[in-house]
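Line by line, the protein sequences are chains Y, C and X.
Per our numbering, the first sequence starts with residue 0, numbered consecutively.
Per our numbering, the second sequence starts with residue 243, numbered consecutively.
Per our numbering, the third sequence starts with residue 3, numbered consecutively.
A virtual CB, placed ideally from N, CA and C, is assigned to each residue, including glycine.
Being a predicted model, the structure only gives us computed values, none of them experimental.
First up is the structure itself, then whatever we jot down about it.
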Amino acid sequence: MKKRLGSFLLMLAILVAMTSVQARAEKVLNIAGNPNELGVTTFNPIKVELNHDAMTLIYDKFMEWGADGKFYPALAESWTISDDGLTWKMVLKQGVKFHDGSPFNSEVAKWFLEEMKTGPSAYMVGAIDNVEITGPYTITLHLKNPEPNMFFNMAQDFMCIPSMVAYKKYGEEFGIKHVVGSGPYKFESWSPGNELVLVKNADYTWGPSIVDNKGPARIDKIVYKDTKEESTRFLELKTGKIDVVYAVPTMFISKIEEDKSLRIIRMPGDELYHMVMNTQSPPLDNELVRKGIALAVDQESITKNVFANAGKPAFTYLIDSLAESKIDPKDEIHFDLEGAKAALDKAGWTMGKDGIRQDKDGNKLTLKMVAKNESSYRRAAEVIQAQLAKVGVEAKITLMDPSSIRAYYKKGEHQLAIRSYNWENADILEWFLNSKRMGYPNAAMWHDNESDYLMQKAMTRSRSQEEREANFKEYHTYVLNKYVWAPFYLPAKVFAVGSRVVLPKNSRARKFMKIEILDWDLK
Amino acid sequence: MENTTNQNQIIPPANRWIRRLKKLKNNRAGVLGLIIIAGLIITALFADYIAPYSYKAQDLSLMNIPPSMDHIMGTDEFGRDVFSRIILGSRISVYVGVVSVGLSVLIGSLLGALAGYYEGWLDRVLSTVTDLTWSLPEILVALLLVAVVGAGVECVIIAIALTYWAQYARLIRGQILMLKNEIYVEATRSLGATDFTILFKHLFPNAIAPVIVAATIGIGQAIVLEATLGFLGMGAQPPLPSWGAMMSNGTAYLFISPWVIIFPGLAMMITVFGFNLFGDVLVDIMDIREDTLK
Amino acid sequence: MWQFFLRRLLLMIPIFFVLSVIIFSLIHIVPGNPLDNLMGPGMTKAYEQEMVKKYNLDKPLPVQYLKWLNNMLHGDLGSSIIEKRPVTELLLHHLPYSLSLGLTAIALSFVQGVSMGIISAAAKNTIFDHLAMMIALFGVTIPAFWLGLIFILIFAVWLNWLPVSGSGTLSSLILPAVTVALGGAGLIARVTRVAMLEVASKDFIVMLHAKGLGKKAILLKHVLRNALIPVITILGLRIGWVLGGAVTVEIVFSRPGLGQLLISALFRRDYPVIQGAMLLLAMGIILGTFLADMLYAFADPRVRDQTH
Chain Y
0 MKKRLGSFLL MLAILVAMTS VQARAEKVLN IAGNPNELGV TTFNPIKVEL
50 NHDAMTLIYD KFMEWGADGK FYPALAESWT ISDDGLTWKM VLKQGVKFHD
100 GSPFNSEVAK WFLEEMKTGP SAYMVGAIDN VEITGPYTIT LHLKNPEPNM
150 FFNMAQDFMC IPSMVAYKKY GEEFGIKHVV GSGPYKFESW SPGNELVLVK
200 NADYTWGPSI VDNKGPARID KIVYKDTKEE STRFLELKTG KIDVVYAVPT
250 MFISKIEEDK SLRIIRMPGD ELYHMVMNTQ SPPLDNELVR KGIALAVDQE
300 SITKNVFANA GKPAFTYLID SLAESKIDPK DEIHFDLEGA KAALDKAGWT
350 MGKDGIRQDK DGNKLTLKMV AKNESSYRRA AEVIQAQLAK VGVEAKITLM
400 DPSSIRAYYK KGEHQLAIRS YNWENADILE WFLNSKRMGY PNAAMWHDNE
450 SDYLMQKAMT RSRSQEEREA NFKEYHTYVL NKYVWAPFYL PAKVFAVGSR
500 VVLPKNSRAR KFMKIEILDW DLK
Chain C
243 MENTTNQNQI IPPANRWIRR LKKLKNNRAG VLGLIIIAGL IITALFADYI
293 APYSYKAQDL SLMNIPPSMD HIMGTDEFGR DVFSRIILGS RISVYVGVVS
343 VGLSVLIGSL LGALAGYYEG WLDRVLSTVT DLTWSLPEIL VALLLVAVVG
393 AGVECVIIAI ALTYWAQYAR LIRGQILMLK NEIYVEATRS LGATDFTILF
443 KHLFPNAIAP VIVAATIGIG QAIVLEATLG FLGMGAQPPL PSWGAMMSNG
493 TAYLFISPWV IIFPGLAMMI TVFGFNLFGD VLVDIMDIRE DTLK
Chain X
3 MWQFFLRRLL LMIPIFFVLS VIIFSLIHIV PGNPLDNLMG PGMTKAYEQE
53 MVKKYNLDKP LPVQYLKWLN NMLHGDLGSS IIEKRPVTEL LLHHLPYSLS
103 LGLTAIALSF VQGVSMGIIS AAAKNTIFDH LAMMIALFGV TIPAFWLGLI
153 FILIFAVWLN WLPVSGSGTL SSLILPAVTV ALGGAGLIAR VTRVAMLEVA
203 SKDFIVMLHA KGLGKKAILL KHVLRNALIP VITILGLRIG WVLGGAVTVE
253 IVFSRPGLGQ LLISALFRRD YPVIQGAMLL LAMGIILGTF LADMLYAFAD
303 PRVRDQTH
């Protein structure tokens with residue numbers, strides 16, 4: 000009996016000690032990360048394919064992209080670009096140290112830009128011919144062709160700069176067991192499927208100009224928890240076990256908004272839902288038929304009924320936070336029932352007795368539609384199927400897993416495809432509509448010389464950002480008027496934040512958290 | 243064991259069936275099973291007349307409405323009547339269940355009979371294959387097969403048939419192995435009957451009873467398997483209302499409109515229950531030992 | 003005795019090979035390839051070529067198979083094409099979730115199934131018998147994923163008992179285990195009942211009755227012990243089923259088990275992962291069958307003797 004009491008007291012003492020340590024303790028931010036990032040396999044920025052959000056906390060980049068669309072200096076303190084757009088002189092920030100103590104300088108910058116060419120994101124530095132070291136903290140980039148998109152690339156999460164010393168030292172283990180950057184947080188531990196722990200980098204004083212606090216960060220520790228199940232994530236947010244939830248599903252938004260202590264943060268998304276039309280499969284080779292179908296898609300109704308107004312309807316081929324999406328409204332694709340019917344009539348497809356249009360030979364306007372067998376695609380497909388039926392177009396849906404779909408595109412047998420992409424640069428148009436990429440990714444099978452010419456012009460002959468924007472607008476407008484896609488939905492990025500988190504008052508960042516973590520605090 | 247088989251040979255087949263029917267009449271569980279199955283078939287045949295609404299007409303102003311007088315089982319994510327969709331869904335379930343099991347019985351009993359009769363290498367190969375397919379979880383086998391054949395009701399039927407044939411082959415092989423050593427087989431052979439006649443005229447009709455029982459229960463299993471595949475996003479394509487697909491689509495709305503999941507599940511449960519009940523009773527009235535079915 | 007074990011073990015080897023060939027060919031027939039899932043916007047052809055080379059996807063299938071087999075025999079299952087991590091590591095990460103669910107479910111279904119079987123055999127043809135058999139029948143007929151959803155609905159939504167899903171806590175194991183167990187319990191109950199009734203009609207039991215032993219004692223001590231043999235066999239066979247067949251339950255309760263791993267790998271055509279996971283399952287199944295055989299042999303000496 001005595002023994003038991005003794006051990007009980009001991010346990011109690013330990014417990015008390017533990018809790019008091021915690022009470023005095025550090026500010027720990029608990030995050031339920033993006034479920035899509037559960038597949039993340041490495042934090043090596045050069046080899047990574049799927050990027051974890053924490054990359055931007057562990058590493059610094061050359062530049063940061065603001066919500067205003069401007070680029071702000073980070074590790075690149077300033078830059079000058081020659082008139083022909085071929086020579087970029089960059090001045091690097093001094094006094095920057097990686098977590099292993101090695102310095103950041105022009106040698107590291109040159110090595111990094113060259114090493115990037117060995118990974119999946121090589122195209123980010125594809126325009127760079129060579130990097131010249133002109134001083135301990137100055138480099139000059141010589142480009143093969145003018146590439147104003149370098150700004151965008153350098154601000155991307157893929158262009159995180161690792162420690163050269165650590166990278167060379169750890170080889171294959173870099174990014175998995177050893178992650179060394181120069182960012183405001185250090186990598187502490189990672190057990191995939193469970194959690195990722197980051198601790199504050201106390202030496203950090205070189206925060207980019209886009210944030211107020213230049214460092215070190217105010218929050219001591221950040222824990223990303225790999226909780227997948229939505230209702231668990233929601234419940235832990237309510238009970239305070241989690242402070243931030245990424246990718247809040249539509250059905251929980253209203254429940255969180257009911258709770259006064261919680262906040263919903265909506266950020267512009269980078270995803271666009273659209274229906275691809277196979278422009279080589281009759282009758283979709285007829286522009287008028289495509290127009291009729293595109294106009295029959297009721298974007299507002301889909302946004303409201305399928306996605307519960309969590310995002311916005313889409314009227315162009317690009318996400319609406321891009322300047323290139325701001326084209327003349329008359330070139331946008333808007334739902335227009337009468338317009339759709341008129342276009343189909345004009346194309347020679349008249350309404351049949353069974354409610355399905357026919358051509359003069361009695362062929363029915365029946366099209367094969369494919370979609371991924373995931374909830375949002377299926378639901379969109381079912382609603383669009385019903386909307387097309389209203390103008391006399393019959394769509395037959397087949398749901399497939401993503402691999403089967405791509406194999407199917409390659410065969411070119413599809414006619415309509417419900418898809419989405421995540422990308423925030425106008426160059427995505429090239430990826431999907433370049434005639435050199437028929438089938439997949441060019442599921443529209445779009446082959447048009449004028450289009451290819453405009454694409455080439457925008458991709459390789461823009462000398463400045465302004466010129467690039469104008470060129471892409473021209474290309475974008477052209478393909479919109481050819482009705483290769485029917486755009487319909489722009490999901491917003493929805494985050495939920497718990498009561499302990501103090502968010503910065505005047506956020507200038509384009510993205511949620513990321514480097515702006517420097518301005519965050521916990522109550 | 244020998245007793246029952248001998249009995250079977252003495253009584254002419256026709257009389258045997260009459261005796262079995264009489265037995266069925268006195269078995270309440272069997273009658274219940276039969277009623278459920280009959281009800282299902284009638285529903286499937288006359289689905290268009292029974293269903294109060296169109297199974298595919300969307301009305302987005304009536305989304306996720308709880309059961310009411312207008313929609314006794316509520317409406318789904320697109321405002322479609324759940325009851326009408328369940329009625330139409332019975333057609334898919336019956337179609338998939340009957341055709342896939344029919345196919346697998348056909349393949350299985352043919353191969354099984356040949357293996358049992360000739361033994362040798364054919365038997366060894368077949369036994370290995372049946373053991374393998376039998377030991378793997380059927381859902382994984384079916385999943386792999388669906389991925390190979392493609393999506394859609396017909397593909398699911400093929401996948402299910404290929405998943406299930408082995409168990410029937412196993413069954414009939416065992417029966418034939420046992421029966422072919424009977425004296426009357428020897429007698430028929432000495433009278434000059436060919437292998438074909440012996441196998442398909444004499445052995446097969448006597449060996450088929452347990453297969454019929456297994457197939458009855460198998461239809462229920464196939465319906466569940468189709469639903470499971472539908473739940474994983476394979477099977478009947480929208481807007482066709484397969485029960486499994488309905489439940490799969492309903493999961494996103496589990497908290498908002500549970501009726502979309504509850505009712506198709508109940509429908510399926512009753513159906514499968516009916517087939518099992520009837521199958522169990524068949525075991526009794528056909529004088530089959532339960533362990534032949536394992 | 004040991005000879006018997008050895009023979010059974012050796013017999014497993016050819017089965018294993020046949021299985022690996024079947025699995026390998028099946029997944030490569032499926033249209034689509036893993037690289038398409040890897041290629042994001044902007045990625046170059048050169049990178050794609052590099053990956054094709056790296057994973058031997060340009061080689062003819064038999065060559066790929068032999069390479070894989072060779073590596074496997076050396077204990078290397080390769081690396082996931084999509085996730086880049088070693089397959090062994092992935093399997094080890096997911097296996098505990100499947101094992102804990104599977105073993106709990108098997109234990110539950112054994113307890114529930116056998117007790118229902120006993121009740122029903124002891125009270126043959128009474129209302130209890132019919133009731134137990136009805137429940138057993140329902141257990142077999144209800145699709146597991148539906149039952150899981152209904153459980154979530156009842157316990158998480160209506161009763162607000164949480165967490166019911168996820169993988170961290172013990173309480174998150176209960177509902178999925180019960181869900182999986184119910185299906186198995188039905189089968190076990192029926193087997194137990196039949197076996198018990200059969201044993202009960204055997205001569206030696208009749209003798210025991212004649213000797214005047216108590217009914218209860220005979221039933222539990224002698225009948226049950228002998229009747230458990232087929233039940234154990236069924237259990238051995240169910241191991242594989244529970245490991246891989248619980249995929250829908252894993253999805254419903256978001257448990258990162260083998261089934262989930264396999265299905266996501268299947269959808270993305272991550273060949274090394276599919277092969278590895280299927281093989282692991284197959285091994286589990288073969289092992290389960292083997293164990294069942296062994297137990298059977300121990301319990302019933304006639305089986306051993308026959309094979310000598």
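Below-8 Å beta-carbon distance, residue i vs any chain X residue
| i | result |
| --- | --- |
| Y/GLY192 | yes |
| C/LEU419 | no |
| C/ALA389 | yes |
Neighbour list for residue i in chain X, Cβ cutoff strictly below 9 Å
| i | result |
| --- | --- |
| C/ALA469 | PRO145, PHE147 and TRP148 |
Test: residue i CB closer than 8 Å to a CB of chain C
| i | result |
| --- | --- |
| X/VAL233 | no |
| Y/VAL296 | no |
| X/LEU293 | no |
| X/THR250 | yes |
| X/LEU12 | no |
| Y/VAL20 | At Y/VAL20, the pLDDT of 49 sits below 50, so the modelled position is not reliable and the matter cannot be decided from this model. |
| X/LEU37 | no |
Under 8 Å by beta carbon: chain C residues contacting residue i
| i | result |
| --- | --- |
| Y/GLU412 | Under the 8 Å cutoff, chain C gives no residues; its nearest Cβ is about 12 Å from Y/GLU412. |
| Y/SER300 | LEU302 |
Proximity test, Cβ basis, 8 Å: residue i and chain Y
| i | result |
| --- | --- |
| X/ASP60 | no |
| X/LYS86 | yes |
| X/GLY34 | yes |
| C/GLY354 | no |
| C/GLU319 | yes |
| X/HIS95 | yes |
| X/GLY42 | yes |
| C/GLY394 | yes |
Counterpart residues of residue i in DSSP-defined beta bridges
| i | result |
| --- | --- |
| Y/TRP110 | DSSP, once it has assigned bridges, lists no residue as partnering Y/TRP110. |
| Y/ARG418 | Y/HIS273 |
Cβ-Cβ separation, residue j to residue i (assumed contact under 8 Å), whole Å
| i | j | result |
| --- | --- | --- |
| C/TYR295 | C/PRO483 | Not really, about 12 Å apart at Cβ, beyond 8 Å. |
| C/ALA464 | C/ILE402 | 5 Å |
| X/ARG270 | X/VAL32 | 11 Å between Cβ atoms; not a contact. |
| Y/TRP78 | Y/LYS92 | Not a contact, Cβ separation roughly 12 Å. |
| X/THR181 | X/GLY150 | 5 Å |
| Y/GLU146 | Y/ALA126 | 4 Å |
| X/GLN262 | X/ILE29 | Actually they are not in contact, since the Cβ atoms of X/GLN262 and X/ILE29 sit about 17 Å apart, beyond 8 Å. |
Cross-chain neighbours of residue i in chain Y, by beta carbon under 8 Å
| i | result |
| --- | --- |
| X/THR46 | ALA121, TYR122 and GLY125 |
Contact set between residue i and chain Y, taken where Cβ atoms lie within less than 7 Å
| i | result |
| --- | --- |
| X/ASP78 | Result: empty, since nearest Cβ-Cβ is about 15 Å, beyond 7 Å. |
| X/ASP131 | Per Cβ cutoff of 7 Å: no residues; X/ASP131 is ~41 Å from chain Y at best. |
| C/GLY472 | Here the premise fails: no neighbours, minimum Cβ distance about 10 Å. |
Residue i beta carbon near the ligand PLP (any heavy atom closer than 7 Å)
| i | result |
| --- | --- |
| C/PRO447 | No copy of the ligand PLP occurs in the structure displayed, which carries no ligand at all. |
Proximal chain C residues relative to residue i, where beta-carbon distance stays under 7 Å
| i | result |
| --- | --- |
| Y/SER374 | ALA494 |
| Y/MET266 | Within 7 Å Cβ-Cβ: nothing; Y/MET266 doesn't reach chain C, min ~23 Å. |
Partners in chain Y for residue i, counting only beta-carbon separations shorter than 9 Å
| i | result |
| --- | --- |
| C/PRO308 | Here the premise fails: no neighbours, minimum Cβ distance about 16 Å. |
In chain order, each beta strand (DSSP E) run of at least 3 residues that lies wholly inside the segment 439 to 499 of chain Y: Counting whole runs of 3 or more residues, the segment 439 to 499 of chain Y contains the beta strand (DSSP E) stretches 484 to 489 and 492 to 496.
In chain order, which alpha helix (DSSP H) runs of at least 4 residues are fully inside the segment 191 to 226 of chain X? Taken in chain order, the complete alpha helix (DSSP H) segments of 4 residues or longer contained in the segment 191 to 226 of chain X are 205 to 213.
Could you name each continuous alpha helix (DSSP H) segment of 4 residues or more that falls completely within the segment 327 to 390 of chain C, going from the start of the chain to the end? For the segment 327 to 390 of chain C, whole alpha helix (DSSP H) runs of length 4 or above, ordered along the chain, are 362 to 377.
Taking the runs of the alpha helix (DSSP H) that are 4 residues or longer, which of them lie wholly in the segment 312 to 361 of chain Y? Runs found: 336 to 345.
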